[in-house]
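Enquirer:
In this note's numbering, the protein residues as written are 165 to 304.
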């Protein structure tokens with residue numbers, strides 16, 4: 165059965181590295197991420213325990229993982245059909261007054277320049293870039 169703890173942990177996919185500011189995902193966005201994660205585990209056939217590996221970014225770089233990340237991102241509108249982050253939507257996760265919002269947005273744009281072998285690989289590489297460079301850790 166799907167372990168809810170790992171679902172919440174997945175929401176930190178772009179995160180947990182060095183000194184980062186922690187931001188709670190606003191409730192109006194958390195619900196859609198949870199629903200999409202549950203649906204995408206089922207649709208892509210990934211092992212739900214894989215979510216723990218995503219949080220630590222210690223996962224196998226395989227097609228199912230890439231398809232899962234793409235599935236969640238596009239189902240929630242945070243990713244487009246080409247495999248890039250939708251910056252306008254992603255930046256709404258931060259309040260306008262957040263001191264690192266501009267840096268967050270600039271890194272999203274920088275990482276969006278990455279291309280992979282297909283849309284799944286592109287989004288995987290974009291997510292990896294963000295995870296490594298972003299100054300923010302999201303939590304529920």
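Just so you know, even glycine gets a beta-carbon here, dropped at the ideal spot from N, CA and C.
For the alpha helix (DSSP H) containing residue 189, name the first residue and the last one.
Expert: Here residue 189 refers to the residue found at position 25 when the chain shown is read from its first residue. Taken as a continuous stretch (DSSP letters only), residue 189 belongs to no alpha helix (DSSP H), as it is neither H nor E.
Enquirer: Buried or exposed, going by whether 16 or more other CB atoms sit within 10 Å of the CB of residue 243?
Expert: Along the chain shown, read from residue 1 onward, the residue named residue 243 stands at position 79. It is buried - the Cβ of residue 243 has at least 16 other Cβ atoms within 10 Å.
Enquirer: So, at 8 Å on beta carbons, what are the nonlocal neighbours of residue 257 in its own chain, with the 5 sequence-adjacent residues on each side left out?
Expert: By 1-based counting over the chain shown, the position of residue 257 is 93. Correct list, in chain order: 187, 189, 190, 193, 302.
Enquirer: By how many angstroms is the C-alpha of residue 293 removed from the C-alpha of residue 239?
Expert: Position 75 of the chain shown, counted from the start, is the residue given in the question as residue 239. Position 129 of the chain shown, counted from the start, is the residue given in the question as residue 293. Between residue 239 and residue 293, the C-alpha separation is close to 21 Å.
Enquirer: By the 10 Å Cβ neighbour count, where 16 or more other Cβ atoms means buried, how is residue 277 classified, buried or exposed?
Expert: Within the chain shown, residue 277 is the residue found at index 113, counting from 1. Result: exposed.
Enquirer: Identify, in the order they occur along the chain, each residue of the same chain with its Cβ nearer than 8 Å to the Cβ of residue 250, setting aside the five sequence neighbours on each side.
Expert: Translated into positions along the chain shown, residue 250 becomes position 86. Excluding sequence neighbours, residue 250 sits near 241, 242, 243, 244.
Enquirer: Using a Cβ cut-off of 8 Å (strictly closer), state whether residue 259 contacts chain B.
Expert: Absent from the structure: chain B. Only one protein chain is present.
Enquirer: Tell me, please, which residues DSSP counts as bridged to residue 243.
Expert: Along the chain shown, one-based indexing puts residue 243 at 79. Its beta-bridge partners are 249.
Enquirer: What is the C-beta distance between residue 210 and residue 228, in whole angstroms, given that I count them as a contact (C-beta under 8 Å)?
Expert: Start at 1 with the first residue of the chain shown, and residue 210 comes out as number 46. Start at 1 with the first residue of the chain shown, and residue 228 comes out as number 64. About 5 Å separates the two Cβ atoms, so the contact holds.
Enquirer: From residue 254 to residue 212, what distance separates their C-alpha atoms?
Expert: Within the chain shown, residue 254 is the residue found at index 90, counting from 1. Within the chain shown, residue 212 is the residue found at index 48, counting from 1. Going by the C-alpha atoms only, they are around 24 Å apart.
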